[in-house]
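Colleague: One structure, as structure tokens, below. Some questions next.
In our numbering, the protein residues as written are 689 to 1029.
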């Protein structure tokens, strides 16, 4: 079975590639390796996946695979010709599309980047799936689509027409685009609304990573809305297990002319944890107290997120197992090892 994972140099993509390779899948990774955050962390993830850089001296970085069953391409999603060429050559059975420009706050000052990557880039993936049919397209949506909706826990049946950031708007656009292509071109599509993913090899722009760095180095952390927020923090292993279960449930494929499946699922821990409790879990894992600077709410933020994961549990036996104390212990251990602290 041939699987394309976009965003394979990113946090979730890296872990998913590791999981699929352990299960003997033929995996192709794709990532543009942009410099939104520390590029060396992205390089380290690729090396951990069994890749090596060549031609570093010339400044032209090419990646070669040292293990069978994994190919990597440093392509940008906006390059339609390269994306089509890849689909034409590889003839993928399944596509798991995780690549996107992430970050709510960054979207306030860099809106075009989000349209290019999250809208135009996703359109190219949909077009490739249209002209080079696949059994199933699974793509990453986000809890941010619920925006200013105050009904908790968030259900897939809730309204998602009040985004609080451009990032959220592009993710909602992805869901609408996916539905249209599924309907018009018979593409089986599943969207997964991720809820605040954290864990080893995570993104340095995320709060859990910033807080850990600051606490270990005895520097202050900025806590917005005086800490009166809560999130459905979801450990990376639980996320990957959920994605793997959805993939396994789709392996029979659907290339017939019957109506294709279009589904959307929340994928989270199913528990909304107060931010101050999460910070306490980080403090305990670090063995140090945080120096806290309370600040006002930032534009684009929401007060609470909480996933109703009933549908994913019923259809794919999804059961998240990691609470924030265990999850942060595992993250801090990785952080200390990686940064040699």
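Where a beta carbon is used, it is the ideal one built from N, C-alpha and C, also for glycine.
Being a predicted model, the structure only gives us computed values, none of them experimental.
In chain order, what residues of the same chain lie with their CB nearer than 6 angstroms to the CB of residue 952, ignoring the 5 residues before and after it?
Modeller: Here the question's residue 952 lines up with position 264 in the chain shown. Non-local C-beta neighbours of residue 952 in its own chain, meaning closer than 6 angstroms and more than five positions away in sequence, comprise 844, 879, ordered along the chain.
Colleague: State the Cα-Cα distance for the pair residue 726 and residue 702, rounded to the nearest angstrom.
Modeller: As a position in the chain shown, residue 726 is number 38, starting the count at 1. As a position in the chain shown, residue 702 is number 14, starting the count at 1. Straight-line Cα distance between these residues: approximately 15 angstroms.
Colleague: Who are the Cβ neighbours of residue 857 in its own chain at under 8 angstroms, not counting the five residues just before and after it?
Modeller: By one-based count along the chain shown, residue 857 stands at place 169. Result list for residue 857: 851, in chain order.
Colleague: What are the uninterrupted segments assigned as alpha helix (DSSP H) that are 4 or more residues long and contained completely in the segment 770-801, given in chain order?
Modeller: 794-797
Colleague: Can you name, in chain order, every residue of its own chain whose Cβ lies under 6 angstroms from the Cβ of residue 1019, other than the five neighbours on each side?
Modeller: Taking the chain shown and counting its residues from 1, the one referred to as residue 1019 is at position 331. Once the five neighbours on either side are set aside, the close Cβ partners of residue 1019 are 887, 888.
Colleague: Please list the terminal residues of the continuous beta strand (DSSP E) segment that includes residue 954.
Modeller: By 1-based counting over the chain shown, the position of residue 954 is 266. 950-955 is the extent of the beta strand (DSSP E) around residue 954.
Colleague: What would DSSP say about residue 703, mapped onto helix, strand or coil?
Modeller: Residue mapping note: residue 703 aligns to position 15 of the chain shown, counting from 1. Looking at residue 703 - three-state DSSP - the assignment turns out to be helix.
Colleague: Select from 802, 999, 929 the residue whose C-alpha is nearest the C-alpha of residue 710.
Modeller: Reading the chain shown from its first residue, position 22 is the one you call residue 710. Relative to residue 710, the option among 802, 999, 929 whose CA is nearest is 929.
Colleague: Does the Cβ-Cβ distance between residue 842 and residue 995 come in under 8 angstroms?
Modeller: Locating residue 842 in the chain shown gives position 154, counting from the first residue. Locating residue 995 in the chain shown gives position 307, counting from the first residue. Taking 8 angstroms as the Cβ cut-off, residue 842 and residue 995 qualify as a contacting pair.
Colleague: Classify residue 860: buried if its beta carbon has 16 or more other beta carbons within 10 angstroms, exposed otherwise.
Modeller: The sequence position of residue 860 within the chain shown is 172, counting from 1. With 16 or more Cβ atoms within 10 Å of its Cβ, residue 860 is classed as buried.
Colleague: With burial defined as no fewer than 16 other Cβ atoms inside 10 Å of the residue's Cβ, what is the status of residue 705: buried or exposed?
Modeller: Looking up residue 705 in the chain shown gives position 17. Looking at its Cβ environment, which holds 16 or more other Cβ atoms inside 10 Å, residue 705 is buried.
Colleague: So, for residue 1009: in the same chain, excluding its five sequence neighbours on each side, which residues have a beta-carbon less than 7 angstroms away from its beta-carbon?
Modeller: To locate residue 1009, count along the chain shown from 1; it is residue 321. 926.
Colleague: For residue 1002, which option in 934, 722, 712 has the closest C-alpha, if you only look at C-alpha atoms?
Modeller: In the chain shown, residue 1002 corresponds to position 314, counting from 1. If you compare the alpha carbons of 934, 722, 712 with that of residue 1002, the shortest gap goes to 934.
Colleague: Tell me residue 730's beta-bridge partners as DSSP assigns them.
Modeller: Taking the first residue of the chain shown as position 1, residue 730 is located at position 42. Paired residue(s): none; residue 730 is not in a bridge.
Colleague: For a quick check, are the C-beta atoms of residue 921 and residue 862 less than 8 angstroms apart?
Modeller: Start at 1 with the first residue of the chain shown, and residue 921 comes out as number 233. Start at 1 with the first residue of the chain shown, and residue 862 comes out as number 174. Not closer than 8 angstroms, so no.
Colleague: Going by the beta-carbon positions, is the gap between residue 869 and residue 848 smaller than 8 angstroms?
Modeller: By one-based count along the chain shown, residue 869 stands at place 181. By one-based count along the chain shown, residue 848 stands at place 160. No; because the gap between Cβ atoms is not below 8 angstroms, this pair is not in contact.
Colleague: Determine the DSSP secondary structure at residue 1017, reduced to helix, strand or coil.
Modeller: Here residue 1017 corresponds to residue number 329 of the chain shown, with the count starting at 1. Three-state DSSP puts residue 1017 in a helix.
Colleague: Please state the DSSP three-state secondary structure of residue 882.
Modeller: The residue you call residue 882 lines up with position 194 of the chain shown. Looking at residue 882 - three-state DSSP - the assignment turns out to be strand.
Colleague: Using the beta-carbon count (16 or more within 10 Å), is residue 747 buried or exposed?
Modeller: By one-based count along the chain shown, residue 747 stands at place 59. Low confidence applies here, because residue 747 scores a pLDDT of 47, under 50, leaving its location unreliable; read the following figure in that light. Classification for residue 747: exposed.
Colleague: Just the Cα atoms here: how many angstroms apart are residue 808 and residue 697?
Modeller: As a first step, residue 808 must be located in the chain shown, where it is residue number 120. As a first step, residue 697 must be located in the chain shown, where it is residue number 9. C-alpha separation (whole angstroms): 20 angstroms.
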